[in-house]
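Engineer:
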Amino acid sequence: MERDSFWKKYGLLLLTGVLVGAAAVALTALGNPQNMGFCIACFLRDIAGALNFQRAGFTAETGTGIVQYARPEIMGLVLGSTIIAFAKKEFRPKGGSSPMLRFVIAVFVMIGALVFLGCPLRMVIRIGGGDLNAVVGLVGFVLGILTGVVFLKRGFSLKRAYAQSMAEGLIFPALMLALLVILFAAPSLLQFSVSGPGSMAAPALAALVIALVVGVLAQRSRLCMVGGIRDAVMFRDFRLISAFLAIIVTVMVGNLLVGNGLTFSFEGQPIAHSEGLWNLLGMVLVGWGSVLLGGCPLRQLILAGEGNTDSAVTVTGFIVGAAVSHNFGLASSADGIGAGPVAVAVIGGFVLFLVISLANTNKLEV
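This is the structure we're talking about:
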């Protein structure tokens, strides 16, 4: 392949992968939890806590829980996507593609992510940090994607989306902007952890600027953790997966450069547990559900920033799923899986995804 055609095909994706990996390392160095520089699931969970939808680890002494913080990274990703989408005339409000099904799928994708303790993006960041539990998660993630691909090949679809008004497309970015204004101008309206992962944060302005840049790049490159593996399997297209690998390599190098070290192990990894079965099954649920949704949690944020109201509904489902996970003891911790009915929730998610997959697949009858 000639140099120019290689750059045209892979250049932007590789650049995006390198910068996302560098952003994760930088945010960790600036104060975010280790191996969690960028985690869509964790940050949406913290936002659910900031809005008082969940109070995991709440103590009367501190008056807060341990995962409560309005992470500016989330708002930055959405607003970065919105800004570049307008600049490139790609802000096109649309939606109406099975919104309630998407909402319910998103709830269970988040449950799976919090059983594993991370979204697909954090999974690759954890691998880059030497966490072998995340390799187990990757196996589950691939299995989940392959399961979803089976139904895609048989005609699975949540039906078409329709053009919507500009006001409809702007409402989610506007909500993110409002939350950002509250964070900086009226933080007393929100809940903030004083201990635990929610208390570990990069300076808000630095986090916002980094996320805005990543949001722009993710919108331009169409970066998607699920899409990389899906496209490689279905179309032998390895462009998206190249960014996936670039993130891992960059995080590995970055951790060595900033002195975080690189220890490959199952035990003692930050904000992770070593219950292999649940790491695997949690990410199977994430992979399968994300295929049904048409993209990973990061991609859903970027699409919501472009005016896709189905993705906005999906992100809302993620936030509700985070609240459900913590309020019902489904979320894991460094000590292991939660004390709630984790098996029931995960198996119930598989059954739900199977029913939705069958009911929306053209070549199968139910």
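If you read the sequence shown in my numbering, its first letter stands for residue 636, the second for the next number, and so on. The beta carbon of each residue, even a glycine, is placed where N, CA and C say it ideally should be.
Across which residues does DSSP place Asp766 in a beta bridge pair?
Structural biologist: Ser900
Engineer: With a threshold of 8 angstroms, are at least 3 pairs of Cβ atoms found where one atom belongs to the stretch 974–985 and the other to the stretch 741–753?
Structural biologist: yes
Engineer: For Asn768, does the count of other Cβ atoms within 10 angstroms reach 16, so buried, or fall short, so exposed?
Structural biologist: buried
Engineer: Return the residue from the list Val785, Phe786 and Gly747 that minimises the CA-CA distance to Gly772.
Structural biologist: Gly747
Engineer: On the DSSP bridge list, what partners appear for Asn943?
Structural biologist: The partner list for Asn943 (beta bridge, DSSP) reads Lys729.
Engineer: Under a Cβ-count criterion, where at least 16 other Cβ atoms within 10 Å of its own Cβ denotes burial, should Phe751 be classed as buried or exposed?
Structural biologist: buried
Engineer: Using only the alpha-carbon positions, how far apart do Gly850 and Leu933 sit?
Structural biologist: 9 angstroms
Engineer: Let me check understanding here. Comparing Cα to Cα, which of Leu916, Gly833, Gly894 and Leu649 lies closest to Phe678?
Structural biologist: Gly833
Engineer: With three or more C-beta pairs closer than 8 angstroms as the rule, is the stretch 713–720 touching the stretch 954–967?
Structural biologist: Verdict: no, contact absent.
Engineer: Please name the residue, chosen from Arg865, Ala841, Ala809 and Val829, that lies closest to Val784 on a Cα-to-Cα basis.
Structural biologist: Arg865
Engineer: Would you mind stating whether Val660 and Val886 have Cβ atoms separated by less than 8 angstroms?
Structural biologist: yes
Engineer: Counting beta carbon pairs with one atom in the stretch 890–898 and one in the stretch 966–973, are three or more of them shorter than 8 angstroms?
Structural biologist: no
Engineer: Going by DSSP in three states, Thr694 sits in which element: helix, strand or coil?
Structural biologist: coil
Engineer: Compute the beta-carbon to beta-carbon distance between Gly863 and Leu875, rounded to the nearest angstrom, for a pair I have assumed lies under 8 angstroms.
Structural biologist: 4 angstroms
Engineer: Quick one, which of Gly971, Thr951, Ile991 and Gln904 has its alpha-carbon nearest Leu927's?
Structural biologist: Ile991
Engineer: How close, in whole Å, do the beta carbons of Leu949 and Gly804 come, if the pair is a contact with beta carbons under 8 angstroms?
Structural biologist: Per the sequence shown, residue 949 should be read as Thr rather than Leu. Thr949 to Gly804, Cβ: 15 angstroms. No contact.
Engineer: When burial is assigned at 16 or more other CB atoms within 10 Å of the CB, is Ala947 buried or exposed?
Structural biologist: The residue is buried, with at least 16 neighbouring Cβ atoms inside 10 Å.
Engineer: Please classify Val776 as buried or exposed, where buried requires at least 16 neighbouring CB atoms within 10 angstroms.
Structural biologist: Before going on, a small fix: residue 776 reads as Phe here, not Val. Burial call: buried.
Engineer: So, using beta-carbon positions, are Ile906 and Val655 closer together than 8 angstroms?
Structural biologist: no
Engineer: Between the C-alpha atoms of Leu736 and Phe688, what's the straight-line distance to the nearest angstrom?
Structural biologist: 22 angstroms
Engineer: For Leu814 versus Met710, is the C-beta distance shorter than 8 angstroms?
Structural biologist: yes
Engineer: Answer with buried or exposed for Asp766, where buried requires no fewer than 16 other C-beta atoms within 10 angstroms of its C-beta.
Structural biologist: buried
Engineer: Are the stretch 681–698 and the stretch 825–840 touching, with three or more C-beta to C-beta distances below 8 angstroms?
Structural biologist: In the pairwise beta carbon analysis, the stretch 681–698 is classified as touching the stretch 825–840: at least three pairs are separated by under 8 angstroms.
Engineer: According to DSSP, simplified to helix, strand and coil, what is Phe988?
Structural biologist: helix
Engineer: Sorted by chain position, which residues of the same chain lie with C-beta nearer than 6 angstroms to Leu648's C-beta, five sequence neighbours on each side aside?
Structural biologist: Ser856, Arg874, Ser877 and Ala878
Engineer: According to DSSP, is Ala798 helix, strand or coil?
Structural biologist: strand
Engineer: Measuring alpha carbon to alpha carbon, tell me which residue in Gly753, Pro707, Pro728 and Ala664 is nearest His908.
Structural biologist: Gly753
Engineer: On the three-state DSSP scale, how would you describe Thr699?
Structural biologist: For Thr699, the three-state secondary structure derived from DSSP is coil.
Engineer: I'd like the span of the alpha helix (DSSP H) that includes Asn890, first residue to last.
Structural biologist: Judged by DSSP secondary structure, Asn890 falls within the alpha helix (DSSP H) whose first and last residues are Arg874 to Val893.
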